[in-house]
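Sequence lines, in order, name chains A and B. Counting in the numbering used here, the first sequence runs from 29 upward without gaps. Counting in the numbering used here, the second sequence runs from 29 upward without gaps.
Number of protein chains: 2
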Amino acid sequence: MARAATTTDAFNAIAEPRRRQIIDVLARGRPHAVGELVQTLRIPQPAVSKHLGVLRKVGIVSVAKEGQHRLYRLNATELKPVHDWVKTYERYWSHQLARVKERAERKATERSSKDKPPGQKKEE
Amino acid sequence: MARAATTTDAFNAIAEPRRRQIIDVLARGRPHAVGELVQTLRIPQPAVSKHLGVLRKVGIVSVAKEGQHRLYRLNATELKPVHDWVKTYERYWSHQLARVKERAERKATERSSKDKPPGQKKEE
DNA sequence: GGATTATATTCCTATATGGGAATATGTCAA
DNA sequence: TTGACATATTCCCATATAGGAATATAATCC
């Protein structure tokens, strides 16, 4: 298999920096037309349309026709799975204490992998 | 250009479900040898090694030699940028109020795009 | 030495990407 | 109708992927 499609899920969709930029712009304020995004982000129009297509397929944005414009609207809820997953690791950097513990553990690991005599198995 | 390399940053690295699995396993407990990950996740050994290679290149894991084993260790701090970015959108689903506001805004958008012209279509 | 175990690397392939350029579609207005 | 504008789509291409299979490297033990 090749790499999973960008439209597979939110994780793949937000891997692209420009798509995150688009999301960021849509987050502050009302829905935006494609042209507004083009102007704001200075990205060629076809590129913006394509990126919006990806985001729409994943459900991160939705469209509404307004005359000859298309208003793209953020549906941030689709980002929740990403947040849920990464939030688990918040403790690794949020507390000073955690960071100290981190370093201590690493030191211990490096030390043990240096000291240990040959032939050694870990749990499970 | 083609798609950005998986080793570009944390965003790209964690797009792969199996790499997230590896991270999850490394998170609960001490460093793991490759063989342990193979057994736990039931992923072929070469695949695990390759995924670990990506994670190491991005800095999400680090290695320590222990005899003929390599102990991989999580360095979760590298996930902070992801958390920082997605945390911005937490408000969209964490508070009931926010969700209500969301819906109201969407309705308004759809309405406005419905009122103006006769032409009307639903999202694809 | 040879055998065994643990891990990494190489070779292969199908597949999709993002960008650019050009073009198509769609919508308005006169 | 025509023309101007907004957006989407198509075509092309260089690039890298993830997986599988096979092999290479490395450490350990006999």
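No residue lacks a Cβ here, since even glycine has one placed at the ideal position from N, Cα and C.
Three or more pairs of CB atoms, one per stretch, sit closer than 8 Å, so the stretch 101 to 111 of chain B contacts the stretch 86 to 93 of chain B. Listed in chain order, the beta strand (DSSP E) elements of length 3 or more contained wholly in the stretch 61 to 133 of chain B are 89 to 94 and 97 to 102. Relative to the Cα of residue 35 of chain A, the nearest Cα in the group A:29, A:120, A:78 and A:56 belongs to A:78. Only 113, 114, 115, 116, 117, 118, 120 and 121 from the stretch 113 to 125 of chain A bring a Cβ to less than 8 Å from some Cβ of chain B. For residue 107 of chain B, the C-beta contacts it makes with chain A under 7 Å involve 114 and 117, in order along the chain. Around the Cβ of residue 43 of chain A, a 10 Å sphere holds 16 or more other Cβ atoms; the residue is buried. The C-beta of residue 48 of chain B comes closer than 8 Å to at least one C-beta of chain A. If you look at residue 59 of chain B, you'll find it isn't in any alpha helix (DSSP H); DSSP assigns it neither H nor E. Considering only A:116, A:62 and A:54, the residue with the shortest C-alpha distance to residue 95 of chain A is A:62. Between the C-alpha atoms of residue 60 of chain A and residue 116 of chain B there is a straight-line separation of about 19 Å. With a 10 Å radius around the Cβ and a threshold of 16 neighbouring Cβ atoms, residue 47 of chain B comes out buried. With 16 or more neighbouring CB atoms inside 10 Å of its own CB, residue 111 of chain B falls in the buried class.
Around the beta carbon of residue 75 of chain A, fewer than 16 other beta carbons sit within 10 angstroms, so the residue counts as exposed. Contact between residue 83 of chain B and residue 50 of chain B holds: CB atoms are separated by about 7 Å, below the 8 Å threshold.
Between the beta-carbon of residue 33 of chain A and that of residue 40 of chain A there is about 7 Å, and that keeps the pair under the 8 Å contact cut. Judged by DSSP in its simplified three-state form, residue 48 of chain A adopts helix. Non-local C-beta neighbours of residue 97 of chain A in its own chain, meaning closer than 7 Å and more than five positions away in sequence, comprise 61, ordered along the chain.
Chain B places no beta carbon closer than 8 Å to that of residue 60 of chain A, leaving this residue out of the contacts.
Chain B places a beta carbon closer than 8 Å to that of residue 42 of chain A, counting this residue as a contact.
Under the DSSP assignment, residue 30 of chain B falls outside any alpha helix (DSSP H); it carries neither an H nor an E label.
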